[in-house]
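Residue numbers (the numbering used here): 51 to 221.
Structure, as structure tokens:
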């Protein structure tokens, strides 16, 4: 469901799948070929949220802003089920694991994997090409070529799934 608030209306790019029970509220921009899955909530009443192209916001995710803390998510990012992105910046080509939290002012560089359940605390920075795990999230090693392949394949899988959902439409 797309909701306008404070005079701001979501802008949805071409070939984007938004599940019927997902909420996209306010000053939100979603790039082409992205997907917003079931029970996801994307709320931008205070600051803007920008989601890049070929990005997947999976089931039960929450993206929200705070005063002075917008959300940006790059291209080809997979945001795993139940993850929370709050007032943070995620660069392109990343995986945010299932149930992970990325908090106000945090920055995740390009080609990163944030492990399932990890918490990237307020104001933290995860450098590019890193695997970060734990609470609080800490870099445990640089990304390998296999990790990069996993990021690419994950984004491609959700692009394909998004296209399937767009094709089948509603019953």
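In this text, a Cβ means the ideal position worked out from N, Cα and C, and glycines have one as well.
Just so we're clear, the structure is a prediction, and the values are computed from it rather than from any experiment.
- Membership of residue 100 in the beta strand (DSSP E) is indicated by the continuous run 91–101.
- The Cβ-Cβ distance between residue 210 and residue 85 does not fall below 7 Å.
- Membership of residue 206 in the alpha helix (DSSP H) is indicated by the continuous run 195–218.
- Partner residues in the beta bridge of residue 128, as assigned by DSSP, are 106, 145.
- In the DSSP assignment, residue 178 falls outside any beta strand (DSSP E), carrying neither H nor E.
- C-alpha of residue 155 to C-alpha of residue 139: approximately 7 Å in a straight line.
- Here DSSP, grouped into helix, strand and coil, assigns residue 82 to coil.
- In the three-state DSSP reduction, residue 192 falls in the strand class (E or B).
- DSSP, reduced to helix, strand and coil, places residue 67 within a strand of the structure shown.
- When beta bridges are read from the DSSP output, residue 183 appears opposite 188.
- The shortest C-alpha to C-alpha distance from residue 169 to any of 55, 125, 52, 147 is the one to 147.
- Distance from the CA atom of residue 143 to the CA atom of residue 64, rounded to whole angstroms, is 20 Å.
- When DSSP reads this structure, residue 135 sits in a beta bridge with 113, 152.
- Pairing residue 109 with residue 136 gives a Cβ-Cβ distance that is not under 7 Å.
- Contact between the segment 73–93 and the segment 105–125 is present: 3 or more CB-CB pairs across the two stretches fall below 8 Å.
- Put simply, of 189, 79, 98, 117 the residue whose alpha carbon is nearest the alpha carbon of residue 105 is 79.
- Each residue's CA atom was taken as its position, placing residue 167 and residue 150 some 4 Å apart.
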